[in-house]
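Peer 1: Protein chains in written order, with numbering that gives the first Met the number 0: chain A, 0 to 374; chain B, 0 to 374; chain C, 0 to 374; chain D, 0 to 374.
Number of protein chains: 4
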Amino acid sequence: MARRLRLGMVGGGIGGFFGAAHRIAARIDDRFELVAAALSSSPERAKESAAQVNIASYRSYVDFEEMAQQEAARSDGIEAVGIVLPNHLHYSAARAFVEAGIHVMCEKPLATSLADAEALATLVAKQSVVFAVAYTNAGFAMVREARRLVKAGAIGKVRVVQVEFPQEWLASDVESTGNKQATWRTDPLRSGRAGSLGDIGTHAFHLAEYVSGQHVESVAAQLSTFVNGRRVDDDVQMLLQFEDGAKGMLWASQVAIGHSNGLALRVYGDEGSLSWSVVEPNLLKLARPGEVRIIERGSASTATPVRLPPGHPEGFLEALAQLYADFADAISAYKKGTPQSASFLPGIADGVRGMRFIEAALKSTAANASMQKLD
Amino acid sequence: MARRLRLGMVGGGIGGFFGAAHRIAARIDDRFELVAAALSSSPERAKESAAQVNIASYRSYVDFEEMAQQEAARSDGIEAVGIVLPNHLHYSAARAFVEAGIHVMCEKPLATSLADAEALATLVAKQSVVFAVAYTNAGFAMVREARRLVKAGAIGKVRVVQVEFPQEWLASDVESTGNKQATWRTDPLRSGRAGSLGDIGTHAFHLAEYVSGQHVESVAAQLSTFVNGRRVDDDVQMLLQFEDGAKGMLWASQVAIGHSNGLALRVYGDEGSLSWSVVEPNLLKLARPGEVRIIERGSASTATPVRLPPGHPEGFLEALAQLYADFADAISAYKKGTPQSASFLPGIADGVRGMRFIEAALKSTAANASMQKLD
Amino acid sequence: MARRLRLGMVGGGIGGFFGAAHRIAARIDDRFELVAAALSSSPERAKESAAQVNIASYRSYVDFEEMAQQEAARSDGIEAVGIVLPNHLHYSAARAFVEAGIHVMCEKPLATSLADAEALATLVAKQSVVFAVAYTNAGFAMVREARRLVKAGAIGKVRVVQVEFPQEWLASDVESTGNKQATWRTDPLRSGRAGSLGDIGTHAFHLAEYVSGQHVESVAAQLSTFVNGRRVDDDVQMLLQFEDGAKGMLWASQVAIGHSNGLALRVYGDEGSLSWSVVEPNLLKLARPGEVRIIERGSASTATPVRLPPGHPEGFLEALAQLYADFADAISAYKKGTPQSASFLPGIADGVRGMRFIEAALKSTAANASMQKLD
Amino acid sequence: MARRLRLGMVGGGIGGFFGAAHRIAARIDDRFELVAAALSSSPERAKESAAQVNIASYRSYVDFEEMAQQEAARSDGIEAVGIVLPNHLHYSAARAFVEAGIHVMCEKPLATSLADAEALATLVAKQSVVFAVAYTNAGFAMVREARRLVKAGAIGKVRVVQVEFPQEWLASDVESTGNKQATWRTDPLRSGRAGSLGDIGTHAFHLAEYVSGQHVESVAAQLSTFVNGRRVDDDVQMLLQFEDGAKGMLWASQVAIGHSNGLALRVYGDEGSLSWSVVEPNLLKLARPGEVRIIERGSASTATPVRLPPGHPEGFLEALAQLYADFADAISAYKKGTPQSASFLPGIADGVRGMRFIEAALKSTAANASMQKLD
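1. Any chance you could list the beta strand (DSSP E) runs of at least 3 consecutive residues sitting entirely within the region 268-293 of chain A, in chain order?
2. Thinking just about the alpha-carbon of each residue, which of D:Val97, D:Val103, D:Ala67 is nearest to the one in D:Tyr323?
3. Using the three-state DSSP reduction, which class does A:Asp234 fall into: helix, strand or coil?
4. Contact between the region 157-169 of chain B and the region 254-261 of chain B: three or more CB pairs below 8 Å?
5. How would you list, in chain order, the residues of chain B whose beta-carbon sits under 7 Å from the beta-carbon of D:Ile154?
6. Among the candidates C:His214, C:Phe204, C:Gly310, C:Asp233, whose CA atom is the shortest distance from the CA of C:Arg184?
7. Can you name, in chain order, every residue of its own chain whose Cβ lies under 8 Å from the Cβ of D:Gln126, other than the five neighbours on each side?
8. Hey, C:Ser252 and C:Arg265: beta-carbon distance below 8 Å or not?
9. Of all the options C:Arg287, C:Ser272, C:Pro187, C:Val254, which has the alpha carbon lying nearest to the alpha carbon of D:Ala269?
10. Helix, strand or coil for D:Lys107, going by three-state DSSP, please let me know.
11. Compute the distance between the beta-carbons of C:Ser48 and C:Ser56, then report whether it is under 8 Å.
12. Looking at C-alpha atoms only, which residue of B:Met370, B:Glu32, B:Gly350 is the closest neighbour of B:Glu208?
13. For D:Asp75, collect the residues of the same chain with a Cβ closer than 8 Å to its Cβ; drop the 5 residues on either side in sequence, then sort them by chain order.
14. Please determine, among A:Met248, A:Lys179, A:Val128, the residue with the shortest C-alpha to C-alpha distance to A:Phe204.
15. Less than 8 Å between CB atoms is the rule here; does A:Gly212 satisfy it with respect to chain B?
16. Consider the Cβ of D:Ser252: report whether some Cβ of chain C lies at a distance smaller than 8 Å.
17. Just verifying my parser: in three-state terms, what is the DSSP assignment at B:Gln221?
18. Please report whether the beta-carbon of C:Val173 lies at a distance below 8 Å from any beta-carbon of chain G.
19. I'd like to confirm the pairing. Which residues does DSSP put opposite C:Met8 in its beta bridges?
20. With 7 Å as the limit, tell me which residues of the region 296-316 of chain C have their beta carbon closer than that to any beta carbon of chain A; keep them in chain order.
21. Who are A:His102's beta bridge partners in DSSP?
22. What does B:Phe356 reach in chain A if we use C-beta pairs closer than 9 Å?
23. Run the CB neighbour count on A:Glu242, radius 10 Å, all protein chains shown included, and call it buried at 16 or more, exposed below.
24. Quick one: give me the first and last residue of the alpha helix (DSSP H) that A:Leu322 is part of.
25. Where does the unbroken alpha helix (DSSP H) through A:Glu64 begin, and where does it stop?
26. Kindly indicate if chain B contains any beta-carbon less than 8 Å away from that of A:Ile293.
27. Could you compute how far the alpha carbon of B:Lys150 sits from the alpha carbon of A:Pro345?
28. Taking the alpha helix (DSSP H) that C:Lys125 belongs to, which residues open and close that run?
29. Kindly list the residues whose CB is nearer than 8 Å to the CB of D:Gly228, restricted to its own chain and excluding five residues on each side of it in sequence; keep chain order.
30. Could you tell me the alpha carbon to alpha carbon distance between D:Ser59 and A:Thr301, rounded to whole angstroms?
31. Hey, is the region 306-322 of chain A in contact with the region 129-148 of chain A, meaning 3+ C-beta pairs nearer than 8 Å?
32. In whole angstroms, give me the CA-to-CA distance for A:Asn136 and A:His202.
33. Do A:Lys284 and B:Gly257 have their C-beta atoms closer together than 8 Å?
34. At a Cβ threshold of 8 Å, is D:Val142 touching chain A?
35. When we look at the beta-carbon of B:Ser223 and count the other beta-carbons within 10 Å, is it buried (16 or more) or exposed?
36. Under the rule that 16 or more other beta-carbon atoms within 10 Å means buried, what is B:Glu313, buried or exposed?
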């Protein structure tokens, strides 16, 4: 194994869950070394957080613009950066690092407007850096196995796609009780106009396209805000029409009591179906008429590489680690001048599609759930 | 226990599945005695079928009109009749018996048009007979327990209703291969304009309203026909808007490989949720934030009467038997001059609503899935 | 279909669960007509119960000996009888009817001693009546499918058999609180020396042999009484050695909180395994190395006849009904002089094996769980 | 966070699964830095493996004795070591590092004889190093939550313990086909006299004691070798008697087709029960009479710390990482002169009990499954 890539991190100071998850994930396959960070916009907290994660104080920044410039100027500067900020800062942070020629792993959504997302895509193309979007579910081995099976024709021509992402944590007005995660995620200024639509709806949308290999063409959406006083949607229900004739439904909810995090996908073709859920992420159900087979991660019939043999469950951190491993591979390929094409790693184009999806859903819900094209 | 009620049966000759199910179900709680029938429109088959089920040959009919008249004229004539015919005959058969003053248990859908259904409702009101519709799922103990719990406020105010009814048996063109059930169910002349919409979509719709206690106000529907050459829809996807602000989704499909008969309902309120599926009909999941409880039919916390103690599973026949027991109770109450009001037994009004639902869905799908009111 | 057989019932008066279950089950497939009974040893209660189930008062008996004699003497006397009494009365009741030449469906266990069971078997052979034992689980379609698959070699040579039957209802001292079922089942005078061993251990034992096709040769048992003051065992744990080299474990418990009635069987061969539980009685899991398949009752790959198509669940009553249907078939065959041999219906030999099992388990537990042969 | 502890690794060269798992796990919580290793006894392979994991070539050893001595002599020598060797080498490797005053995380079983295990325990006590045993399942958050709940009285007094660990990977003679894992694990010279008993039976045994808080006093065991020509047991069935009167059963099998790695534990008390399985490691079932509750890792009712919020599954690597985090804590406490007592970390005493368990089981099976004390 070659030397580790030098990694920076933006956002994710002490107490944040996703920042810690990214740091662990980047370590799991030992392809990165965390050497610089802007962990908080509060100087105090940035410093303390940096010390906690063993980053030298002179490489702990408060401002990501400054970090991008200074690191780009160092001979031992970071080669890649993970961006784990509130949604409204994704765009400017990503922009700063891309402009500095640094490869980026960015949390979704890419931006708070489609225009920004497209501008970023143009910049990425021009700068020719590797740009990955942290659609973590794309890192689960059995999600990839499902994608591989669909592509290999295991279920025939896709007809119906059912995806749902129910959560319960915003079922009451927790943003008024000091829950930090809830506060920024329900604040349109920091989260964007889309609430659960952007936060988890985009995950559901990406998973549906990623596995089914189908592109959504139009959506009819009814967005609801069930909690009084909430400023963004907390429940999203949609009909989907795909380019090649498949039809689908998408439900994302943050008021669905009974589900901590119930992402689930089912894809039905004319010869079979596939079913996966993050609740049992190491399993995949493959049905043919009259028969349902349970396939386990790592078992003989599977073709997707795994770290652990079947029965030794992998989880969320390993999924995110997989994206970091792919990211490292893509950077290596880039350095060798052989950039990858048909990769499993979600990239800038997926991020832009996520924004188109949000725009179309908002437009549809404003027009009494009428069908709207993604464009 | 009083004497058994004299029951007739229309439809359901040898080899039919639902006819046999009705006969068994009517026997289970021993409230009916089958004494007359028109089991087939073929004289040969009617006769043979009647002999098989121990019906005297002189009370085996070929024509249901004749049966209604002759039985009404006998002093020992049938008091009630079960109608298990192809959809397009429900209306005229029901009409014949209602006009003869005979109580009716009718398979759904009531009719093939809303106008017919409403005419029938008017007639039932005039004749003042007991009219039950065989929405069998309403007979499962845990469906009733769910309905009871919602009404008792166990999940608070209803916000979201998710219902689905996936089946796989029409995933390919089986109607061309001689499957009798498939042949009439995909024939618009015998099944009505609605395919899976009428066949199973109405079950899903009824269950959603029955348990949630909410009335659907509008629907946005995309109906598909995935199998080439099929003349009716085989997949139905809908957004639902309820009168009191709840939102929902409904999926009914007969091309969903992997599901033999996967009816499932979830109702989410502001304090909890309930989840039930015919796949595990003896269980109910009741969630509160951070906790999911599994409740078993017959266990201490339940208040719905059962035949068997917990752990001794009841199934489809017991559910249908429950409707027949309710039907017998309703007839008894009618005879005593104390007709029931807030019963658990689906009646003519439910049947009419099912027709409104079909009409609205057809209208919506013809208008690119735009929202349509049920009226 | 020919005329119904005339059936009598002994035991199972008002309020009893198993008596009602037998009556419904005998009705389901319409092969029997209940015409006489001794439903209670209390004249008052016998009379009232008989009226409730539409038995003529002159054919309602208080004493089963008298019933056997009088019915045998009538030209329209019962041809068969169901015995649903407390355990200590099974032997004498069965004896009375067998001596009168009446076919018997008897609840298990056959007797309270092996000697009685063997005497009964001798009598049955001499009288040459049909004698069935109500091992109800043997009536579930997927139990039969499992048995068929094992016999057909689907899992290869059987190596390991794991069976368990956990219940929770005796986890505390309910027999002191007036629970009638608990009172007689924990009374050695009415239930026999074996508590949960006889009540549910025998069901587990029968199921294990019935499906695996293997005969238990020896057992090592530790019986416990966890509830203070209880006079019989309430938890049974055993190692099993089978004649052909398979090994197994059996657990039956009535203090296993969390299980209402968790009977479950797994059979492992050198090529695959089968797994079934009464908790999901319509499913069977068939595993081969690296792959688990879920098979549904009635689906294309199955060969066991069913009443309802897949997805329409059958339950406990249908299982018991299956035994009554088999019983009717056996009686018909007997009448035609062509008695059946390799039937699916549990018979007197199964009942005797159950008693041998009890004896060996009691002997083993008295000798510090040492291995004891069944003989 | 303080600086990372310097860690060495013995065993686990290229291609080995458990070595890689230990290295990742030690990295996850960032408490260790891998700086030295003896990854293989083949000089070539050791060198190549060391390079792959970024260990300087001059700190890559071939012999663990030499490694222990040289590292102990360096001022920057390792403070702790992970031992991931075939079973027969655990004892001598552990001995070498303990003698050198280096803290040890050792794979189970501790040794191939009870005498060796006890000698090691004596040495550990004398040297006063931290000694941890990699009973990985003890690192799962919900296993710890279960242990905590039992201790807190959530299920009352423990009555019955049911543990099983079925695997399928040795169902046929794979050791003859070149499977390296199978070859050493079925070789008595490298694995010890116990096959599946030592390999997975000890895991089941540890889990049962760890969660229930009960100590096994006696066992009755039947060990089988189902695969022809195999030199060790491949199936283990046992009755357990606990010191305080609880009774239990243990099944460990490597011929159980249908299970990749089905470790499952159930503990029944007089007030409730707990159920956990590695198949769904993020869930725990807590039953009280008439009610089963599903508790999720990280949800409000739990008190065990977690890395990720509920619904973001943790897996095997996180469980092992937890043991490494505990190990780091224990070393820190040791350095501060405040060694921990009632820790969640399995230690040398657990390792010794595992050996007593093996000895008693072998003795019992040699005496026709008679009860044998653990001593």
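Note that the Cβ used here is the ideal one computed from N, Cα and C, for glycine as well.
Peer 2: On the basis of the supplied data:
1. Listed in chain order, they are 272-276, 282-287.
2. D:Val103
3. strand
4. yes
5. Within 7 Å Cβ-Cβ: nothing; D:Ile154 doesn't reach chain B, min ~17 Å.
6. Comparing Cα positions, the closest option is C:Asp233.
7. Val97, Glu98, Gly100
8. no
9. It is worth fixing the name first, because residue 269 of chain D is Asp in this sequence and not Ala. Nearest of C:Arg287, C:Ser272, C:Pro187, C:Val254 to D:Asp269, Cα basis: C:Val254.
10. coil
11. no
12. B:Gly350
13. Arg5, Val34
14. A:Met248
15. no
16. yes
17. strand
18. The structure shown contains no chain G; its protein chains are A, B, C and D.
19. C:Ala36, C:Gly81
20. Ser298, Ala299, Ser300
21. A:Ala79
22. In chain order: nothing, as chain A lies at least about 17 Å away.
23. exposed
24. 315-334
25. 63-72
26. no
27. 46 Å
28. 113-126
29. Asp172, Ser175
30. 35 Å
31. yes
32. 8 Å
33. yes
34. no
35. buried
36. buried
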